[in-house]
Amino acid sequence: MPEAQIETLHEASAAYQERCKFKPGDIVTPKLTSIYDHKGIPHVVLEVAPVAIRNFEPGNCYSYSFGSRLDIRVGVLVGGEVVAFWQESWQHQLYTPAE
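Numbering follows numbering that gives the first Met the number 0, in which position 2 of the sequence shown is assigned residue number 1; successive positions increment by one, without gaps.
Here it is, written out as structure tokens:
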């Protein structure tokens with residue numbers, strides 16, 4: 000079990016170091032190990048930030064979002080409406096429809 004956890008952590012580190020590999024129009028979904036909701040649901044990449052938005056808001060240092068590197072804006076259908084969020088690209092993968 001620890002070996003599987005270590006492998007998952009190595010994969011997360013590699014994805015984080017890779018920087019954004021997506022472009023506007025790509026269909027992505029949050030990875031199963033991501034902090035984001037709507038895993039397995041298609042999202043469209045609306046924008047790739049030329050410079051990542053960093054979150055270092057005072058008083059926020061205990062939040063998982065403190066220090067986050069928001070580099071993609073994605074849209075997802077929620078209740079029939081497209082809702083957009085800034086998120087970290089390393090926590091996403093290309094969407095593959097379930098067969």
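From the three backbone atoms N, C-alpha and C, an ideal C-beta is built for every residue, glycine too.
Going by beta carbon distance, what residues of the same chain come within less than 8 Å of residue i, once the five residues before and after it are set aside?
i          : result
residue 67 : 53, 54 and 87
Can you tell me whether DSSP reads residue i as helix, strand or coil?
i          : result
residue 26 : strand
residue 49 : strand
residue 5  : helix
residue 56 : coil
residue 17 : helix
residue 87 : coil
For residue i, which residues of its own chain have a beta-carbon under 7 Å away from its beta-carbon, when the five flanking residues on both sides are left out?
i          : result
residue 35 : 29, 86 and 90
residue 64 : 54
residue 97 : none
Beta-carbon within less than 6 Å of residue i's beta-carbon, same chain only, minus the 5 sequence neighbours each way: which residues are those?
i          : result
residue 94 : 26, 27, 28 and 41
| said: With three or more beta-carbon pairs closer than 8 Å as the criterion, would you say the region 1-11 touches the region 39-58? | reply: Cβ pair count under 8 Å is below three, so no.
| If you pair each beta-carbon of the region 71-85 with each one of the region 5-16, do three or more pairs fall below 8 Å? | No, the region 71-85 is not in contact with the region 5-16.
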